[in-house]
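Working notes for the structure below.
Take a look at the structure:
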């Protein structure tokens, strides 16, 4: 077995460490983003996930308990706002 010694300047080692750190951070961020719960839910998803009916959802929207967000012709609701409404109106 042979041994090979390589001398690397400290600034190169620091640069390599920064590159590794950046790549790890980017991959971790992507992993967490891809596996995070959806931030916006459709009306059907809200009703299924939180056990409410569409008339209840519509009533909450009309009364200002929930705010809806339109994307084209589709209506979505923010997950965190739904959770807060469920806690407040429980």
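In full-length UniProt numbering, the protein residues as written are 1 to 90.
All C-beta atoms in this analysis are idealised placements derived from N, C-alpha and C, irrespective of residue type, glycine included.
Every value quoted in this text rests on a predicted model; they were computed, and no experiment measured them.
Cβ separation of residue i and residue j, assumed to be a contact under 8 Å, to the nearest whole Å
i, j, result
"residue 57", "residue 46", "6 Å"
Alpha-carbon to alpha-carbon, residue j and residue i
i, j, result
"residue 75", "residue 50", "17 Å"
"residue 91", "residue 26", "A question about residue 91 goes unanswered here, because the residues of the chain that appear run from 1 up to 90."
"residue 81", "residue 63", "14 Å"
"residue 17", "residue 43", "47 Å"
"residue 53", "residue 19", "50 Å"
"residue 22", "residue 35", "20 Å"
"residue 2", "residue 8", "19 Å"
Residue i classed as buried or exposed, judged by whether at least 16 other C-beta atoms fall within 10 angstroms
i, result
"residue 77", "buried"
"residue 71", "exposed"
"residue 24", "exposed"
"residue 4", "exposed"
"residue 28", "exposed"
Range of the contiguous beta strand (DSSP E) that encloses residue i
i, result
"residue 71", "68-71"
"residue 49", "First-last for residue 49: 43-50, but that is the alpha helix (DSSP H), not the beta strand (DSSP E)."
Residue span of the alpha helix (DSSP H) that contains residue i, given as start and end
i, result
"residue 63", "54-63"
"residue 74", "Careful: residue 74 lies outside any alpha helix (DSSP H), inside the beta strand (DSSP E) at 74-78."
"residue 16", "10-35"
C-beta neighbour in chain C for residue i, strict 8 Å
i, result
"residue 75", "No chain C is present in this structure, which holds just one protein chain."
beta-carbon residue i near the ligand MG non-hydrogen atom, thresh 7 Å
i, result
"residue 55", "The model on display carries no ligand, and the ligand MG is accordingly not part of it."
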